[in-house]
Every structure is written in structure tokens, then in C-alpha cells.
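**Q**
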């Protein structure tokens with residue numbers, strides 16, 4: 157038994173012992189990112205059944221940045237509406253992108269002009285919670301879920317499965333063959 161302990165590669169054992177910890181930490185991060193995204197999707201889904209009230213667009217600002225690969229557009233909108241008192245909202249939609257596509261930019265400019273009326277969806281339980289567009293984006297959920305899954309899979313495959321190292325034993329050489337070679 158002492159001979160077996162003497163042959164152990166301690167560094168290899170330490171490396172193997174830390175791998176489940178790394179996998180666990182990566183899983184926790186992926187889980188937290190997923191949990192961070194779920195409330196936005198739930199609110200977008202719930203907003204489909206919210207009542208609609210007519211409001212007015214108070215401010216519409218466009219911010220456009222040009223990059224080597226293309227351009228990105230972001231909006232800042234303020235709208236006023238009356239639902240259980242006067243409220244000011246700024247959310248265009250739940251699961252809002254960091255930058256809008258050109259098609260979405262054209263749509264927003266055509267439908268939400270400063271000083272013009274706009275339909276606002278508001279939460280009847282909390283009238284200060286509102287949005288202009290009430291539709292959950294299943295593609296966003298699918299995309300993020302796919303990215304999180306790929307991220308997890310890459311980490312998992314980088315550590316597991318580990319094939320056991322096989323020790324190849326030298327074939328037995330008969331003493332007669334050894335004597336003949338001498």
C-alpha cells in the first residue's frame with residue numbers, strides 16, 4: 157500500500173479535484189445569467205394582456221454610432237400617459253435590444269413621433285410600469301439560451317469526459333528468446 161501511495165502523482169490529483177469546482181462555478185454563472193433574463197421575458201409576456209391607454213410622445217432621441225462592421229442605433233423615448241394618475245414612461249419594450257436594427261429604427265420613427273399620440277400598455281397593478289410595444293421575443297430567449305448552452309458545453313467538454321489513461325504493459329519475453337539473442 158505504501159508503494160501505491162509513493163507512485164501517486166499529487167499534481168495530477170489536485171488538477172482533477174479542482175475541475176468539478178470550475179464546472180460548478182461556470183454552471184452557477186450561466187444559471188445566474190439565465191435567471192437575470194427570465195423576468196424581462198415574463199414581463200413582456202404579461203404585457204400582452206395589459207390594458208392600453210392613449211398617451212403622448214414627449215421626447216424622442218436617436219443615437220447612432222458608426223462602426224467598421226456597420227452602425228448601431230439606440231433610442232431614448234419619454235411618453236406621458238394617464239392611468240390612475242399621470243405617469244411618464246421610457247420603456248419601448250421589454251427585452252429591449254442594446255441597438256436597434258435599421259428596420260426597427262424605421263418602424264419606431266414612423267410610429268412614435270415627438271408630440272404625437274401613442275398607445276401605451278400599462279400594468280393595472282402598478283400603473284407606473286409601462287411599455288409601448290408589448291410582445292415577448294421568443295427569438296431573444298432562444299438565442300440567449302443557445303449561447304448559454306454552448307458556453308456550458310464548451311466548458312464541460314474541455315474538462316470532461318476524461319478517458320482513463322491506459323497503461324500498456326510490455327509483452328513478456330521468454331528467456332529462450334533472450335538467450336538466443338545473446
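In our numbering, the protein residues as written are 157 to 338.
Backbone N, C-alpha and C define an ideal beta-carbon position, used for all residues, glycine too.
Remember, it's a predicted structure, so these values are computed and weren't measured experimentally.
1) Expressed to the nearest angstrom, what Euclidean distance is found between the alpha-carbon atoms of residue 213 and residue 180?
2) Give the DSSP-derived three-state secondary structure of residue 212 in the structure shown.
3) Tell me the residue span of the beta strand (DSSP E) that contains residue 237.
4) Within 10 angstroms of the Cβ of residue 242, are there 16 or more other Cβ atoms? Answer buried if so, exposed if not.
5) Starting from residue 262 and walking both ways along the alpha helix (DSSP H), at which residues does that stretch end?
6) Tell me whether residue 240 is buried or exposed, calling it buried when 16 or more other Cβ atoms sit within 10 Å of its Cβ.
7) Taking the alpha-carbon of residue 190 as reference, which of 313, 314, 307, 277 has the nearest alpha-carbon?
8) Check the C-beta distance from residue 229 over to residue 275 and give it rounded, since I have them as a contact under 8 Å.
9) Quick one: using the 10 Å Cβ neighbour count with 16 as the cut-off for buried, is residue 183 buried or exposed?
10) Are there 16 or more other CB atoms within 10 angstroms of the CB of residue 277, so buried, or fewer, so exposed?
11) Does any residue of chain C bring its CB to less than 8 Å from the CB of residue 195?
12) From residue 302 to residue 296, what distance separates their C-alpha atoms?
13) Look at residue 254 and residue 246 and say whether their C-beta atoms are less than 8 Å apart.
**A** Quick look at the numbers:
1) Looking up residue 213 in the chain shown gives position 57. Looking up residue 180 in the chain shown gives position 24. Residue 213 and residue 180: Cα-Cα distance of roughly 47 Å.
2) Position 56 of the chain shown holds residue 212. Residue 212 falls in the strand class under three-state DSSP.
3) Taking the chain shown and counting its residues from 1, the one referred to as residue 237 is at position 81. Element bounds for residue 237: 227 to 238.
4) Translated into positions along the chain shown, residue 242 becomes position 86. Exposed, by the Cβ-count rule.
5) Counting from one through the chain shown, the residue named residue 262 turns up at place 106. Judged by DSSP secondary structure, residue 262 falls within the alpha helix (DSSP H) whose first and last residues are 258 to 267.
6) Sequence index remark: in the chain shown, residue 240 carries index 84 (1-based). The residue in question, residue 240, is exposed, as its Cβ has fewer than 16 Cβ neighbours within 10 Å.
7) In the chain shown, the residue the question calls residue 190 occupies position 34. Ranking 313, 314, 307, 277 by Cα distance to residue 190 puts 307 first.
8) Residue numbering aside, residue 229 sits at position 73 when the chain shown is read from its first letter. Residue numbering aside, residue 275 sits at position 119 when the chain shown is read from its first letter. No, residue 229 and residue 275 are not in contact; Cβ-Cβ is about 22 Å, not under 8 Å.
9) Position 27 of the chain shown holds residue 183. Classification of residue 183: exposed, given that the 10 Å Cβ count is below 16.
10) For the purposes of this step, residue 277 is taken as the residue at position 121 of the chain shown. By the neighbour-count criterion, in which a residue is buried when 16 or more other Cβ atoms sit within 10 angstroms of its Cβ, residue 277 is buried.
11) As a matter of chain content, chain C is missing from the structure shown, which is built from one protein chain.
12) The count along the chain shown starts at 1 and reaches residue 302 at position 146. The count along the chain shown starts at 1 and reaches residue 296 at position 140. Counting only the Cα atoms, residue 296 lies some 10 Å from residue 302.
13) As a first step, residue 254 must be located in the chain shown, where it is residue number 98. As a first step, residue 246 must be located in the chain shown, where it is residue number 90. Contact: no.
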